[in-house]
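One structure is given here, and the rest of the page talks about it.
Residue numbers (my numbering), protein chains in the order written: chain A, 752 to 1103; chain B, 101 to 428.
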C-alpha cells in the first residue's frame, strides 16, 4: 500500500512541472532504500540524454555500435527511461522501410506499481468461477505471423486448451458449465444473422459442388470427343472397305459381262441377288441416272469445289474462244461493212 | 410486520455474507462495469465492432459518441457518472485509423492501442454463436507475464473483458472462450464458441441398429464416467482484432507516460512514406527533364538558339552550363 501512495503522489507532482520531479526524487530517496538505485538511474538518464543526442546527430555510429547500444539497452532494463534507436537493419518489415530514431520509455517500476494497484486479488484459493482466467503454461510461439493458417491454428489450440482446462476446473468446483438443451435465451448473433451465415455456407457448398461438376463434365467432354472421333474414323474405314469391295466386284462383273456370260460364279449371283434386293432392276447397271451424271459433271460430285470456277494458268492461257476478227467487228457485223452513213435531211424527211 | 420481516431478512443477508466471506476468505466479489464509447468520425465497421463488444460484455454500458478528441480526461467524469470502473474508448482518426483506449478510472493506468486487422462479426461469416451475456473463459498467452507493460495490459483486459460473476445480465453457463495472444509485439484477440459433443452418444449413433440395450448400457456408462466422455471443439464467433500497444499512461487519460512502444509506427508516417516514395519517381523525372534542357542548350541543339551567340540567351546558357558542371 505504501508503494501505491508514493506513485500516486509522484504522478500528481509530475503533472505539475518537471522541476518538482527532482524534489520528489529526493523525497523518495529519503523514503525508501530500495528505490535508491532507480532514482540514481533516473538522474543518470537525464545526464545521458544529451550525450545520446549528440551520438545521433553526428551519425558516426556504425552498425556495430548500434548493436552495442541495443545490448546495453537490454541490460539496462532496470533503468527507468532507456533511450534507444531503431537500427536500420531491423527485422520488422515496416521499420525496414522507415529508418527512424525514436525515444522510448519503459518505466518498469512504475509499470509494476500500477499493475499492483489495479490487480485483482486473485490467489490460488480463489475459486476459478470467480475470475475465469487461464494462462497458458508455455508462451505461444508462432513461427510466421503472416501465415494465416499456422497463426490461427496456434490461437485455436490455445483457446481449446483453455476451454478444456476451464471446463474441468468449473466442473470440479460444481459450477454450471454446459447449457441445458431446454434453456433458451437471446444469443449474441440473432436468428436473422445466423440465417444469413447458413445461407452463405450453403452457397459456398453449392459453388464448390458446381465447380467440381463442371470440371468433371469438362473431362468427360474431352474423353467423349476422343471416343466420337475414333468411332467416326472406324465408320469411315468400314465405308471405304465396303466401297473397295463393291468396286472390285463391279470390275469382276464387268469382265464377266464382256466375257463368258454363262460362267456361273456363285459369288456373282449372290451379288446380283443382293443388288436386286437393294434397288430396282436395270437402273443399277448403268449407275446413276443420266441427269444425275450430267449434273455431277457440271457441278461436281466430291472433290474440291472451292475456286473451281476461278481462272488459273491454263484457263488464262487458253485462247480457244479468241478471234482477231472479232475485235474489228462492231455490233452490226463485219468491220468493213460499217453502218451506212446517215442519209440527208431531205431523204429522211421524205422517208417519213 | 414489515419491520420484523426486514430484520429477519437483514439477519439472513448478514449471515450469508459472513458465510461467503468465510468460504472465499478475503476475496470479494469483483465488481466490474465497463463504459464503452467511441469518438465522432467512426466508420460503420468501427461501429459494428463496438456493437459486437457490447453484446459480448453484459457488464458494459454503452454511451453516445464523445465530442472531443483532445480532452479525454472528461471520460473520467463520465465513468463516474455511470458508475463504471473501466473505460473502453474507441478513437477514430481520419475515418480510417482506430485507436482503442483502455483505462481504469479514476487513477488507474491507461493503455492506448492501435487497432488493426479489424473484422466484425457481421462480415466474418463464422458459424459460432453464444448466449448473450454468458461469461467467457479468458485465455491468456504466457508471454503476457514476461514483461511489465504486458502485465498491465493483461490486467486491464481481464477486468474489461472478463464478465464478473453475478453481473446483472449475465447467464450462469459458460459457452465461449476469448483468447488473447501476444505475437509480433501485438495482442491478437479471438473469440470461440465451446462445442461439447458426447462421445458415447456418437458411438451409439454409429452403431445404430445394433440394439437399444447396448445403447442404454453405453449411456449408463457415459453417465457414470461423465466428464471424460465429452469431446470439446471450438467454433469461432468473431470479431477479430489485433491491438498494437502504443503507450501506457500512469493516470486515467492523463499523467506521465510510463511505457512507449518503440516498434510502433504511426499509420500517418507509413502513408507519408508511401506517398513520398511514389513522388520520388516524378521528382527524378522532372529533374532529368531540366537537365536535358540544359544539355540541349549547351549543345546548341535548340533551334532558336542556333544563330545567337551573345545577349541574354548566351548568359542564360552560361549559367546553365555552370549549373550542369556543378551538379556533376
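Positions of the beta carbon are idealized from the N, C-alpha and C atoms, including for glycine.
Owing to the predicted nature of the structure, the values given are computational and were not obtained by experimental measurement.
Do residue i and residue j have their C-beta atoms within less than 9 Å of each other?
i                      : j                      : result
residue 263 of chain B : residue 158 of chain B : yes
residue 333 of chain B : residue 911 of chain A : yes
residue 214 of chain B : residue 188 of chain B : no
residue 331 of chain B : residue 297 of chain B : yes
residue 180 of chain B : residue 209 of chain B : no
residue 871 of chain A : residue 258 of chain B : yes
residue 132 of chain B : residue 283 of chain B : no
residue 938 of chain A : residue 230 of chain B : yes
residue 238 of chain B : residue 339 of chain B : no
residue 294 of chain B : residue 278 of chain B : no
residue 397 of chain B : residue 416 of chain B : yes
residue 236 of chain B : residue 276 of chain B : yes
residue 855 of chain A : residue 362 of chain B : yes
residue 255 of chain B : residue 885 of chain A : no
residue 176 of chain B : residue 382 of chain B : no
residue 269 of chain B : residue 889 of chain A : no
residue 880 of chain A : residue 348 of chain B : no
residue 166 of chain B : residue 145 of chain B : no
residue 232 of chain B : residue 155 of chain B : yes
residue 863 of chain A : residue 251 of chain B : yes
residue 183 of chain B : residue 351 of chain B : no
Listing by chain order, which chain B residues have their CB less than 8 Å from the CB of residue i?
i                       : result
residue 870 of chain A  : 255
residue 888 of chain A  : 242
residue 974 of chain A  : Here the premise fails: no neighbours, minimum Cβ distance about 38 Å.
residue 1184 of chain A : As shown, chain A starts at 752 and ends at 1103. That puts residue 1184 of chain A outside it, with no answer to give.
residue 891 of chain A  : 241, 242, 243, 281, 282 and 283
Quick one: list the residues of chain A neighbouring residue i, beta-carbon separation under 8 Å, in chain order.
i                      : result
residue 229 of chain B : 938, 939, 940 and 945
residue 155 of chain B : 939
residue 130 of chain B : 871, 881 and 882
residue 262 of chain B : 882, 883 and 884
residue 415 of chain B : Within 8 Å Cβ-Cβ: nothing; residue 415 of chain B doesn't reach chain A, min ~40 Å.
residue 259 of chain B : 869 and 871
residue 212 of chain B : Under the 8 Å cutoff, chain A gives no residues; its nearest Cβ is about 13 Å from residue 212 of chain B.
residue 232 of chain B : 936, 937, 938 and 939
What in chain A is Cβ-close to residue i, meaning under 7 Å?
i                      : result
residue 290 of chain B : 906 and 910
residue 235 of chain B : 883
residue 248 of chain B : 859, 862, 863 and 866
residue 252 of chain B : 862, 865 and 866
residue 169 of chain B : Those do not exist, as residue 169 of chain B stays about 20 Å from chain A at its closest Cβ, beyond 7 Å.
Do you know whose CA, among the options, lies nearest residue i's CA?
i                      : options                       : result
residue 168 of chain B : B:178, B:152 and B:342        : B:178
residue 878 of chain A : A:919, A:962 and A:989        : A:919
residue 931 of chain A : B:271, B:280, B:136 and B:281 : B:271
residue 940 of chain A : B:151, B:142, B:138 and B:140 : B:151
residue 344 of chain B : B:185, B:280 and B:161        : B:280
residue 367 of chain B : B:165, B:346 and B:234        : B:346
residue 426 of chain B : B:399, B:414, B:375 and B:394 : B:394
residue 292 of chain B : B:253, B:252, B:226 and B:260 : B:226
residue 193 of chain B : B:420, B:170 and B:220        : B:170
residue 161 of chain B : B:142, B:148 and B:135        : B:135
residue 200 of chain B : B:240, B:260 and B:223        : B:260
Quick one: list the residues of chain B neighbouring residue i, beta-carbon separation under 9 Å, in chain order.
i                      : result
residue 962 of chain A : The premise fails here: residue 962 of chain A is roughly 19 Å from chain B at the closest Cβ pair, so nothing lies under 9 Å.
residue 932 of chain A : Near residue 932 of chain A there are no residues of chain B at all, since even the closest Cβ is about 11 Å away, more than 9 Å.
Run through chain A and tell me which residues come within less than 9 Å of residue i, C-beta to C-beta.
i                      : result
residue 208 of chain B : 865, 868 and 869
residue 357 of chain B : 856 and 858
residue 337 of chain B : 939 and 940
residue 394 of chain B : Within chain A, no residue comes near residue 394 of chain B; the closest Cβ sits about 33 Å away, beyond 9 Å.
Residues of chain B with a CB under 7 Å from the CB of residue i: which are they?
i                      : result
residue 921 of chain A : 274
residue 914 of chain A : 237, 277, 294, 332 and 334
residue 901 of chain A : Correct list: empty, because the minimum Cβ distance to chain B is about 11 Å.
residue 951 of chain A : 225
residue 918 of chain A : 332
residue 896 of chain A : 283 and 284
Legend entry - Complete runs of the beta strand (DSSP E) confined to the segment 202-241 of chain B [at least 3 residues]: 210-219 and 237-240
Inset, instruction - Select from the segment 270-288 of chain B all residues with a C-beta closer than 7 Å to any C-beta belonging to chain A, and list them in chain order. - result: 271, 272, 273, 274, 275, 277, 279, 281, 283, 284 and 288
Inset, instruction - Select from the segment 183-206 of chain B all residues with a C-beta closer than 8 Å to any C-beta belonging to chain A, and list them in chain order. - result: 204
Inset, instruction - Please specify which runs of the alpha helix (DSSP H), each continuous and at least 4 residues long, are wholly inside the segment 909-970 of chain A, giving them in chain order. - result: none
Inset, instruction - Note down, one range per segment and in chain order, each alpha helix (DSSP H) of at least 4 residues found wholly within the segment 868-904 of chain A. - result: 879-882
Legend entry - Minimum length 4: unbroken alpha helix (DSSP H) runs contained in the segment 121-163 of chain B: 144-156
Inset, instruction - Enumerate, from N- to C-terminal direction, the unbroken alpha helix (DSSP H) stretches of 4 or more residues contained entirely within the segment 1048-1080 of chain A. - result: 1064-1068 and 1075-1079
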